[in-house]
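> Can you read through this structure? Questions will come right after.
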Amino acid sequence: RFCDRQVGLVDLMPTLIELAGIEPYPRHLDGQSLAPLQEDPDMTWERPALSCLTYRDSSKPRFRIGQVGPWKLVEGPFSASLRRVMNHSSDPFEHFGTFPNGITPLALNSLEESMAEIPFIDNVFYVGKPDLGQTDRDEDGLPDETEIDLLPLGFHPFEESSAQLMRLEYGPLELNPDPAGVNLTFPGLVVNPEEFREWHTYPLSVEKSFDLSTWEHLPENFHLNSLGALQWLERSGTLSGKAFYRLRIEP
Numbered sequence: 008r009f010c011d012r013q014v015g016l017v018d019l020m021p022t023l024i025e026l027a028g029i030e031p032y033p034r035h036l037d038g039q040s041l042a043p044l045q046e047d048p049d050m051t052w053e054r055p056a057l058s059c060l061t062y063r064d065s066s067k068p069r070f071r072i073g074q075v076g077p078w079k080l081v082e083g084p085f086s087a088s089l090r091r092v093m094n095h096s097s098d099p100f101e102h103f104g105t106f107p108n109g110i111t112p113l114a115l116n117s118l119e120e121s122m123a124e125i126p127f128i129d130n131v132f133y134v135g136k137p138d139l140g141q142t143d144r145d146e147d148g149l150p151d152e153t154e155i156d157l158l159p160l161g162f163h164p165f166e167e168s169s170a171q172l173m174r175l176e177y178g179p180l181e182l183n184p185d186p187a188g189v190n191l192t193f194p195g196l197v198v199n200p201e202e203f204r205e206w207h208t209y210p211l212s213v214e215k216s217f218d219l220s221t222w223e224h225l226p227e228n229f230h231l232n233s234l235g236a237l238q239w240l241e242r243s244g245t246l247s248g249k250a251f252y253r254l255r256i257e258p
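Here the sequence shown stands for residues 8 to 258, numbered as in the numbering used here.
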């Protein structure tokens, strides 16, 4: 049956926990179970649906949003003092958000109380990656977490990646002068452009040595050349003299 109540994605986990019969759950869960509404879609349901918006890699909410019945309250950016109300009964496309915009005291109190659980402070969200440890399900010598980061290079945590490792270990290296230094290019290491993200930090680095006993980490991160191959710029480098380079997968 169709149910027109507003609910939030944060409510899915407590709903699944209740439907699976895992009670009492040993940890606090955000959200509220929708199991009663699933059992009776016509029941009275005055619980606000909550959501929020933020920047990528930011642990602080930018906007927090609550909706109950026809009333939608939006607060932000980064402060509850900036707010507007939309009435979906008369303004379904949200063209005229103002405050208080005729919202009933009961609906406003309900939304304010619920939305206060999403404070405008840092570390509300976990924006890091889960620690997968040293699990290596395909037994190719690289942890799954490292291979997930190397997906654009053809690595995969569930498939043996010896061919990709051979390309890393024995692939050619080209050195070309650049006005800012020396470009180091690995022509055999071509990246899948659909999976490459410039803003992501990949576990790859280049090290330099003059005697093969001590190695210096090059601070620059790699970029892609016009053919999609990995390339580093060594700003302090020249093509005179002797030097050794190695590509390293960081643990």
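A virtual CB, placed ideally from N, CA and C, is assigned to each residue, including glycine.
Using the Cα positions of Ser96 and Pro77, report the straight-line distance between them to the nearest angstrom.
6 angstroms
> Nearer than 7 angstroms: is that true of the beta carbon of Ser243 relative to any heavy atom of the ligand ZN?
Among the components of this structure there are no ligands whatsoever, and the ligand ZN is therefore not found.
> Could you say if the segment 80 to 95 and the segment 117 to 132 meet the contact criterion of at least three C-beta pairs nearer than 8 angstroms?
When Cβ pairs closer than 8 angstroms are counted between the two stretches, the segment 80 to 95 is seen to touch the segment 117 to 132, the count reaching three or more.
> Inspect the beta-carbon positions of Ser40 and Gly73 and report whether they are closer than 8 angstroms.
no
> Taking the continuous alpha helix (DSSP H) assigned at Ser121, which residues delimit it?
Pro112 to Met122
> From Pro186, Asn199 and Asn232, pick the residue whose C-alpha is nearest to that of Leu157; which is it?
Asn199
> Grab me the residues of Ala209's own chain with a C-beta within less than 6 angstroms of its C-beta, minus the 5 sequence neighbours each way, in chain order.
Note that residue 209 is Tyr in the sequence shown here, rather than Ala. Answer for Tyr209: Asp156, listed in chain order.
> How is Ala187 classed by DSSP in three states: helix, strand or coil?
Ala187 falls in the coil class under three-state DSSP.
> How about Val192 and Asn228: are their beta carbons less than 8 angstroms apart?
According to the sequence provided, residue 192 is Thr. The question's Val does not apply to it. No.
> Is the segment 11 to 22 close to the segment 37 to 54, with three or more CB pairs under 8 angstroms?
A contact between stretches requires three or more CB pairs, one per stretch, nearer than 8 angstroms, and the segment 11 to 22 meets this requirement with the segment 37 to 54.
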